[in-house]
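Note sheet for the following structure.
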Amino acid sequence: MPTVPAILGFGAIAIDDIVYVDQPLSAGKGKVLQSARAFGGNVATALAAVVRLGGTAGFAGWLGTAADDAVLRDLVASGVETAFAPRHPDARPVRSRITVGSDGERFIAYDDDAMLGTAPDFPDDILSRATVLIVDSYAIRSLDVVARARDLGLAILGDIEWSSGPATERLIGLCDHLILPLGFARAATGRRSPAEILDALWLPSRSAVVLTDGGRGVYYRGREETGLWHLPPHRIVVVDSTGAGDCFHGAYAHALTRGAGTAGRVAFAAAAAALSITGRGGREALPTDDQVTELLASTNAPSAVELKKTHVNTGT
């Protein structure tokens, strides 16, 4: 049996049909410049990012039983361990159709009528040998496994983008590293400013709460940090923002396994995500550790500034 990777994850795994158009999405229509098919999904892309950065990662969600299964082949080609994933003949990926505008923004239409989450009897002896478990919104289907992983001492890194009521609230409570898009965090808390949201989501059991806000940067609070912080964005040319958040999660998890503090984890993840949107598709520009290190050392790399609780974010 292979060695259990430091980072395990289960959740969305997808096949994306991507169309690039010559106008921003707000234009309503545009000419097709290029079409492509790519593999994606929140957790699958995060795990691929971990491997690209030099870490070890394993997919622990449902996979099909066919040896020539396309998503299985892609995970293996990406260096993601699949030996511990439960198998079922009905397992299939999420299918997504993504339109990417000329400004790099995208609209995702998806069909998630698929087996997601993981087997309810996923073995404790495998979980206990990992360090981090990455889960997304679909982990509401496997809450008992997430709870067992938390009890076994794993860091639970949550990539939550939508709510299914009380089940999602329980999932959010289980995540000690909670990384949310700012828009969802606003909807989940009913608060507006990042400072208010960070406070609303904080629990004594949390290690960090991070709010990602695309081109406006990242807001965060950590257990070992004093105060609330805002890290402005890197200045890069955006080609395609697909998968940037997934790369952020994978890079954050990788930095966590290397012992980085909250500020270091967020800075590393933000730099990795910035590099990831300089190529097309969610995986084309996943960076290496050296590339992230070089960007962080550049003279124009942003520095975090303390976020006052009276700060009001004017972004939409």
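By the UniProt record's numbering, the letter at position 293 of the sequence shown is numbered 293, and the numbering carries on one by one without gaps. Ideal placement from N, C-alpha and C gives every residue a C-beta, glycine not left out.
| field | Residue from Arg280, Arg87, Asn42, Lys308 whose Cα sits closest to the Cα of Ser137 | value | Along the sequence shown, one-based indexing puts residue 137 at 137. Minimum Cα distance to Ser137 is reached at Asn42.
| request: Quick one: give me the first and last residue of the alpha helix (DSSP H) that Gly250 is part of. | output: In the sequence shown, the residue the question calls residue 250 occupies position 250. 244 to 257 is the extent of the alpha helix (DSSP H) around Gly250.
| task | Count the other CB atoms, across all protein chains shown, that sit within 10 Å of the CB of Glu81; report buried if there are 16 or more and exposed otherwise. | result | Along the sequence shown, read from residue 1 onward, the residue named residue 81 stands at position 81. By the 10 Å Cβ count, Glu81 comes out buried.
| task | Taking Ala188 as part of the alpha helix (DSSP H), name the residues at either end of that continuous run. | result | Your numbering for residue 188 matches position 188 in the sequence shown. 182 to 189 is the extent of the alpha helix (DSSP H) around Ala188.
| Curious, which full-length alpha helix (DSSP H) runs of at least 4 residues does the region 77 to 148 contain? | Counting only unbroken stretches of 4 or more residues, the alpha helix (DSSP H) elements lying wholly within the region 77 to 148 are 124 to 127, in sequence order.
| query | Is Val238 helix, strand or coil by DSSP? | reply | For the purposes of this step, residue 238 is taken as the residue at position 238 of the sequence shown. The three-state reading of DSSP puts Val238 in coil, since its state is none of H, G, I, E or B.
| message | Going by C-alpha to C-alpha distance, which of Gly215, Tyr219, Asp176, Ile179 sits closest to Glu196? | response | Position 196 of the sequence shown, counted from the start, is the residue given in the question as residue 196. For the set Gly215, Tyr219, Asp176, Ile179, the Cα lying nearest the Cα of Glu196 is the one of Tyr219.
| task | Alpha carbon to alpha carbon, how far is Ile277 from Phe184? Give it in angstroms, no decimals. | result | As a first step, residue 184 is located in the sequence shown; it is residue number 184 there, counting from the start. As a first step, residue 277 is located in the sequence shown; it is residue number 277 there, counting from the start. Computed Cα separation, rounded: 21 Å.
| query | With a CB to CB cut of under 6 Å and the five nearest residues on each side skipped, what residues in its chain are close to Arg206? | reply | Position 206 of the sequence shown, counted from the first residue, corresponds to residue 206. If we look at Arg206 and ignore the five residues flanking it on each side, its Cβ neighbours are Asp176.
| Which residues DSSP lists as bridging Trp229, in chain order | Residue mapping note: residue 229 aligns to position 229 of the sequence shown, counting from 1. Per DSSP, Tyr220, Glu306.
| field | Simplified DSSP state of Asp22, which is helix, strand or coil | value | In the sequence shown, counting from the first residue as 1, residue 22 sits at position 22. Of the three classes helix, strand and coil, the one that applies to Asp22 here is coil, per DSSP.
| query | Quick one: any contact between the region 13 to 33 and the region 139 to 151, if contact means 3 or more CB pairs under 8 Å? | reply | Too few Cβ pairs lie closer than 8 Å, so no.
| Which residue from Gly264, Val266, Arg265, Ala251 puts its Cα closest to that of Thr288? | Numbered from 1 along the sequence shown, position 288 holds the residue referred to as residue 288. Nearest to Thr288 by alpha-carbon distance, out of Gly264, Val266, Arg265, Ala251, is Ala251.
| query | Taking C-alpha atoms, which residue in Arg52, Gly9, Thr99, Gly55 lies nearest to Gly28? | reply | Reading the sequence shown from its first residue, position 28 is the one you call residue 28. Among Arg52, Gly9, Thr99, Gly55, the Cα nearest to that of Gly28 is on Thr99.
| Under the rule that 16 or more other beta-carbon atoms within 10 Å means buried, what is Ser164, buried or exposed? | For the purposes of this step, residue 164 is taken as the residue at position 164 of the sequence shown. Under this definition Ser164 is an exposed residue.
| Run of the alpha helix (DSSP H) containing Ser35, from where it starts to where it stops | The residue given as residue 35 occupies position 35 in the sequence shown. Per DSSP, Ser35 is not a residue of any alpha helix (DSSP H); the beta strand (DSSP E) it occupies stretches across 32 to 40.
| For Arg87, which residues from the same chain have a beta carbon less than 8 Å from its beta carbon, with the 5 sequence-adjacent residues on both sides left out? | What you label residue 87 is simply residue 87 of the sequence shown in a count that begins at 1. So the qualifying residues of the chain are Trp62, Leu63, Gly64, Thr65.
| query | What is the residue span of the beta strand (DSSP E) that Thr212 lies within? | reply | Here the question's residue 212 lines up with position 212 in the sequence shown. First-last of the beta strand (DSSP E) with Thr212: 208 to 212.
| request: Just list the beta strand (DSSP E) runs in the region 39 to 79, keeping only unbroken ones of 3 residues or longer that don't cross its boundaries, in chain order. | output: Correct list: 57 to 59.
| task | Count the CB pairs spanning the region 90 to 98 and the region 223 to 236 that are closer than 8 Å, and state whether there are at least three. | result | The region 90 to 98 is not in contact with the region 223 to 236.
| field | Proximity of Gly222 and Ala200 at Cβ, strictly below 7 Å | value | Looking up residue 222 in the sequence shown gives position 222. Looking up residue 200 in the sequence shown gives position 200. Going by C-beta atoms, Gly222 is not nearer than 7 Å to Ala200.
| query | CB Phe59 to CB Ala83, shorter than 7 Å? | reply | Translated into positions along the sequence shown, residue 59 becomes position 59. Translated into positions along the sequence shown, residue 83 becomes position 83. No, they are not a contact pair.
| query | How is Ile172 classed by DSSP in three states: helix, strand or coil? | reply | Taking the sequence shown and counting its residues from 1, the one referred to as residue 172 is at position 172. Of the three classes helix, strand and coil, the one that applies to Ile172 here is helix, per DSSP.
| request: Taking Leu295 and Ala301 to be in contact with their CB atoms under 8 Å, please state how far apart those CB atoms are, rounded to whole angstroms. | output: In the sequence shown, the residue the question calls residue 295 occupies position 295. In the sequence shown, the residue the question calls residue 301 occupies position 301. With a contact defined as Cβ atoms closer than 8 Å, Leu295 and Ala301 qualify at about 7 Å.
| task | Would you mind giving the Cβ-Cβ distance between Ala255 and Ala269, rounded to the nearest angstrom? I have them listed as a contact below 8 Å. | result | Here the question's residue 255 lines up with position 255 in the sequence shown. Here the question's residue 269 lines up with position 269 in the sequence shown. Indeed they touch by this definition, with Cβ atoms about 7 Å apart.
| request: Would you mind stating whether Ile13 and Val50 have Cβ atoms separated by less than 7 Å? | output: Taking the first residue of the sequence shown as 1, we reach residue 13 at position 13. Taking the first residue of the sequence shown as 1, we reach residue 50 at position 50. It is not a contact, given that the beta carbons lie outside the stated cut-off.
| message | Please report the distance separating the alpha-carbon of Glu169 from that of Gly243. | response | Taking the first residue of the sequence shown as 1, we reach residue 169 at position 169. Taking the first residue of the sequence shown as 1, we reach residue 243 at position 243. Inter-residue distance for Glu169 and Gly243 is about 24 Å (C-alpha atoms, whole angstroms).
| task | Leaving aside the five residues before and after Leu286 along the sequence, list all residues of the same chain whose C-beta is less than 7 Å from its C-beta, in chain order. | result | Position 286 of the sequence shown holds residue 286. Contacts found: Ala48, Ala49, Arg52, Cys247, Ser276.
| request: Report yes if the C-beta distance between Leu154 and Leu133 is below 7 Å; otherwise report no. | output: In the sequence shown, residue 154 corresponds to position 154, counting from 1. In the sequence shown, residue 133 corresponds to position 133, counting from 1. Contact flag set, yes.
| said: Which of the three DSSP states is assigned to Ala267 in this structure? | reply: Within the sequence shown, residue 267 is the residue found at index 267, counting from 1. Helix.
| message | Helix, strand or coil for Val312? Go by DSSP, reduced to three states. | response | The residue you call residue 312 lines up with position 312 of the sequence shown. Summary for Val312: the model assigns pLDDT 41, below 50, so the residue's position carries little reliability, and this model does not support an answer.
| task | Measure the beta-carbon distance from Asp103 to Val238 and round it to whole angstroms, keeping in mind my assumption that it falls under 8 Å. | result | Position 103 of the sequence shown, counting from 1, holds the residue named residue 103. Position 238 of the sequence shown, counting from 1, holds the residue named residue 238. Sure, about 7 Å apart at Cβ, within 8 Å.
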